[in-house]
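Only one structure is covered here, and it is reproduced in the block below.
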């Protein structure tokens with residue numbers, strides 16, 4: 311390679327490829343923290359549908375929205391192999407209540 315501009319171009323390409331090969335993908339997520347100033351109402355009684363293969367029932371719960379609790383009915387969650395579903399729930403957090411979202415564990 312006697313051409314200096316070609317040498318510069320090749321060097322830049324090699325450097326660019328090397329930097330890409332060291333890039334590490336990072337999964338980022340944001341989670342909203344929901345705090346309510348008082349305890350949720352008593353749980354509603356739901357009629358749970360018959361089991362569905364490949365799904366787990368996520369029970370209904372009270373959701374805090376616009377200064378009040380709103381009922382969200384239960385629904386099916388697709389099963390994740392090797393995990394079990396932990397339903398969301400409210401926990402006392404000082405004088406307030408904090409929502410812990412449902413998740414796979």
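In the numbering used here, the protein residues as written are 311 to 415. C-beta: ideal position from N, C-alpha, C; glycine also. Computed from a predicted structure; not experimentally measured.
As the crow flies, the alpha-carbon of residue 390 is around 34 Å from that of residue 404. Note that the C-beta distance between residue 381 and residue 387 is not below 7 Å. Taking a 10 Å sphere around the C-beta of residue 414, we find fewer than 16 other C-beta atoms and assign the residue as exposed.
One alpha carbon belongs to residue 342, the other to residue 315, and they sit about 52 Å apart. Apart from the 5 residues on each side of it in sequence, residue 369 sits with its Cβ closer than 7 Å to the Cβ of 356, 384 and 397 in its chain, given in chain order. The DSSP-derived three-state label of residue 317 is helix.
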